[in-house]
Amino acid sequence: MNFKTFTGAVIMLLPLGAFAQAEPIDTTKNYEIEKAVVTASRMQLPLKSIPQKVEILDKSIINKSPNENLGEILKRRTNLDIIQYPGAMTTVGLRGFPATAHSRNYTLILIDGLPAGTNNLATIPSDFIEKVEIVKGPYSVMYGSDAMGGVINIISKKPAKEAQGGASVGAGNFGQTHFSGYASGGVTDKLLLSISYSRMEQTADYQIGSKNILGITETEKNILDKKSYGDIMENSKFRISQFNGKIEYNINNKVKAGIFSSLMLSNDIETPGNYWHSYGKSKKEITRFSNYGEISYSEKNNLLLVSPYSSIQNESNYNNNDNEAFINSKEQIRQSGIKIGNTHTWGRFKWLAGLDYDLYDVKSERFSSKITPANPYRPDHSRGSLSLFTQLAYSYNKLFVSAGGRFNNITYILRENKLLGSEKKNSTYNNFNPSLGVKFEVLPWMIIKGSFGSAFYVPDAYKSAGVYMIGKKKYVGNPDLKPESTSSFDFGINLGKAPLLNVDLTYFQNFYQNKIVNDNSQKDVTTYKNASNGNMSGIEFMASSNIASLWTKGSRLEFYGGLTWFINNTFEDVITKQTLYTRDVT
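Take a look at the structure:
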């Protein structure tokens, strides 16, 4: 059985008072859950009252991982399925939902509760991040179809009232260098401003590892090619720069407004393709400009949030990596929309009601020479969704209950492309996603919890109408694909008393309908089809311990680890098959 676990030990010398805590602590990260508020809940709920499995990486953890992008931090600090590709590409999967670099992800990436505009974690530096929230399991009731596997919400740093600033410089193997700087402060009593800049660069090709702590079969070793172990991966250099700015304005005691803007620039990101360079040895450029806004109006028992957003990402790929190379494919992805939510509090009840309007538009081009058009990898397409949602949360002593639902009206437009042979197609989907969660503190050292949710996923244009080659393999979309849906539940238990020992054990189960799977019935051609249904279940285990608490409160020696084991991951299609490209244990 192949598996991957994450473990670590952190030693910190801290003031004695830093550990004088009476509050309950999160079971995996020693985080004060009485104080932690989960923004991804859209209700500003405290961590202790959320039944879903939630992990929080706060600034103390992020600051211990300087000069790294978000993908590196999540790889070291969480039990997620992280896949890193050469060419500055990192994607993430949750609970068996695959991490994919070529189509929309099953895990939704947010910045300040709004779509990030990318699923590539390698292009998100850690410098502007205040906190990261990870919600595991379907969260479509709050965020729609892309949250089938879960949500990763990145909270940006707030501007400071007092003037402050800083800079950092780092270096590493393979010519890696990193520079970042920031400045923040109050322009007036009501206006706060922060700006930051970061630059990551790798000027030498990296070396492939020669050892693997994961157990792999002889077949897998041959697929990787034993000759590659310890060899240099040519054409793997990159350079990424990012500019960030944030403004917050307190109009009065009740109304606040803010906007966070981010510009990411990269050029000559080298892509080595496969190890043998039989295809894919090239370079690419990525630019992304994003804006995330929020207007809040707060009364004593009411909070209204209006959050517009927009992002545009352009990616250009070259036919090779020499000076005479031309752009042979380029793609533009635009995302925009507005999210409105109103939360009202009645005693032990909190009620959220809201509306989301989201637009997602893709334009794609390809060229056989500098001026000669060729068929793109997928046709131009757009998706618009209008959603109404509501959620009710109740707390009484040690009991926490939440329930809600979301109605989605999704319009999907596939535009005609004669080079691909695809016709214009308009589709409309209506669906309802319910959710339910319960959490109960049985004893001071024991908490039980469970949740249920459903999700709905419209096929990406790659799978419904795309045509492209990877090496000698041809991929062809299926225009008759149906959307896939899933119903999921989980239940778990938290044991232990922080900081000495904390253990979290969760069982999860997903049931698919019309699961989209690969169809390899034709030689050298892969297309896609709907399986009749699918089943995925597993167990998540996480533990942490600060053993230094046995003899002192003035320092920390912390061990933490996690494991996800898939008990069943199959789909039915004439005969029951094992799902491919998903690790049995992570």
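Numbering of the sequence shown is given in my numbering, commencing with residue 1382 and proceeding in unit increments.
Positions of the beta carbon are idealized from the N, C-alpha and C atoms, including for glycine.
Quantities reported herein were computed from a predicted structural model and do not represent experimental measurements.
Pick helix, strand or coil for ASN1999, following the three-state DSSP scheme. In the structure displayed, the chain extends from 1382 to 1967; residue 1999 sits before or after that span and is not available.
Using DSSP with H/G/I as helix, E/B as strand and the rest coil, what is VAL1819? Annotated three-state conformation of VAL1819 is strand, per DSSP.
Going by the beta-carbon positions, is the gap between LYS1627 and PRO1689 smaller than 7 Å? No, the Cβ-Cβ distance between LYS1627 and PRO1689 is not below 7 Å.
Go ahead and label MET1917 buried or exposed: buried means 16 or more other beta carbons lie within 10 angstroms of its beta carbon, across all protein chains shown. Buried is the call here.
Just the C-alpha distance for ILE1640 and ILE1676, rounded to the nearest angstrom, thanks. Rounded to the nearest whole angstrom, the CA to CA distance from ILE1640 to ILE1676 is 9 Å.
With burial defined as no fewer than 16 other Cβ atoms inside 10 Å of the residue's Cβ, what is the status of ALA1755: buried or exposed? Classification for ALA1755: exposed.
Establish whether the CB of ASN1812 and some CB of chain B are separated by less than 7 Å. Of the protein chains in this structure there is only one, and it is not chain B.
Among the residues of its own chain, which have a CB less than 6 Å from the CB of LEU1573, if the five just before and after it don't count? Cβ within range, chain order: PRO1540, GLY1567 and GLU1629.
Which same chain residues end up closer than 8 Å to ASP1954 when comparing Cβ atoms and leaving out the 5 residues on each side of it in sequence? The answer, listed in chain order, is VAL1898, LYS1910, ALA1912 and SER1913.
Let me know the secondary structure DSSP gives ALA1503 once reduced to three states. Of the three classes helix, strand and coil, the one that applies to ALA1503 here is helix, per DSSP.
Apart from the five residues on each side of it in sequence, which residues of its chain come closer than 7 Å, Cβ to Cβ, to LEU1882? Hits under 7 Å: SER1926.
By how many angstroms is the C-alpha of ARG1476 removed from the C-alpha of ILE1948? Cα-Cα distance, rounded: 12 Å.
Just the C-alpha distance for GLY1802 and ASP1861, rounded to the nearest angstrom, thanks. Roughly 15 Å separates the two Cα atoms.
Pull up the distance between the alpha-carbon of PHE1952 and that of LYS1896, whole angstroms please. Their backbone Cα atoms lie some 8 Å apart in a straight line.
At what residue ranges does the region 1639-1710 contain a whole run of the beta strand (DSSP E), taking only runs of 3 or more? Secondary structure in the region 1639-1710: the beta strand (DSSP E) runs of 3 residues or longer, each lying completely within the stretch, are 1663-1679 and 1683-1699 in chain order.
Please report the straight-line C-alpha distance between GLY1611 and ILE1874, rounded to a whole angstrom. Taking the CA atoms as reference points, GLY1611 sits about 42 Å from ILE1874.
Nearest candidate by alpha-carbon position, reference TYR1941, set ASN1950, ALA1924 and ALA1929: When each option's Cα is compared against that of TYR1941, the closest is ALA1924.
What distance in whole Å lies between the Cβ atoms of PHE1619 and SER1647, which are believed to be in contact at a cut-off of 8 Å? Taking the Cβ atoms as the reference, SER1647 lies roughly 7 Å from PHE1619, within the contact range of under 8 Å.
Would you call the region 1741-1757 and the region 1814-1831 touching, i.e. three or more CB-CB distances under 8 Å? As far as the Cβ criterion goes, the region 1741-1757 does not touch the region 1814-1831, which means the pair count is below three.
Spatial neighbours of ARG1759 within its chain, please: CB distance less than 7 Å, with the 5 preceding and 5 following residues excluded, ordered by chain position. Excluding sequence positions up to five before and after ARG1759, its CB lies within less than 7 Å of the CB of SER1745, ALA1842, TYR1843, ALA1846 and GLY1847, all in the same chain and listed in chain order.
Between which two residues does the beta strand (DSSP E) holding LEU1455 run? Not the beta strand (DSSP E): LEU1455 falls in the alpha helix (DSSP H), residues 1451-1458.
Using a threshold of 7 Å, state whether the C-beta atoms of THR1668 and ASN1695 are closer than that. For the pair THR1668 and ASN1695, the CB atoms are nearer than the 7 Å cut-off.
Using 8 Å as the threshold, is the region 1518-1538 in touch with the region 1761-1779, meaning 3 or more CB pairs across them? The region 1518-1538 makes contact with the region 1761-1779; the number of CB pairs closer than 8 Å reaches 3 or more.
Since ALA1497 contacts ILE1437 with CB under 8 Å, what's their CB separation in whole angstroms? The Cβ separation is near 18 Å, so there is no contact.
Considering VAL1568, what are the terminal residues of the alpha helix (DSSP H) in which it resides? Careful: VAL1568 lies outside any alpha helix (DSSP H) and carries neither H nor E.
If you follow the beta strand (DSSP E) that TYR1893 is in, where does it begin and where does it stop? In this chain, the beta strand (DSSP E) harbouring TYR1893 covers 1882-1894.
With 16 other CB atoms within 10 Å as the buried threshold, where does MET1645 fall? By the C-beta density criterion, MET1645 is buried, having at least 16 other C-beta atoms within 10 angstroms.
The alpha helix (DSSP H) that contains VAL1522, what's its start and end? 1521-1524 is the span of the alpha helix (DSSP H), which, as asked, contains VAL1522.
Spell out the partners DSSP gives SER1808 in its beta bridges. Looking at the DSSP assignment, SER1808 forms a beta bridge with TYR1793.
Does the distance from the CB of VAL1418 to the CB of PRO1432 come in under 7 Å? PRO1432 is positioned such that its CB atom lies no closer than 7 Å to that of VAL1418.
Excluding the 5 residues preceding and the 5 following GLY1547 in the sequence, name in chain order all residues of the same chain whose CB lies nearer than 8 Å to its CB. Cβ neighbours of GLY1547 beyond the five flanking positions: GLY1562 and TYR1563.
Per-residue burial, LEU1736 [other beta carbons within 10 Å of its own, 16 or more giving buried]: Label assigned to LEU1736: exposed.
May I ask you to report which of helix, strand or coil DSSP gives TYR1843? Helix.
Could you round the C-beta distance between LEU1740 and GLY1722 to whole angstroms and report it? I think they count as a contact, below 8 Å. Between GLY1722 and LEU1740 the Cβ distance is about 18 Å, and since that is not below 8 Å, they are no contact.
Can you tell me the Cα-Cα spacing of ALA1638 and ASP1493, whole angstroms? Rounded to whole angstroms, ALA1638 to ASP1493 spans 13 Å at the Cα level.
Sheet register partners of SER1776 (DSSP bridge): Under DSSP, SER1776 shares a beta bridge with PHE1781.
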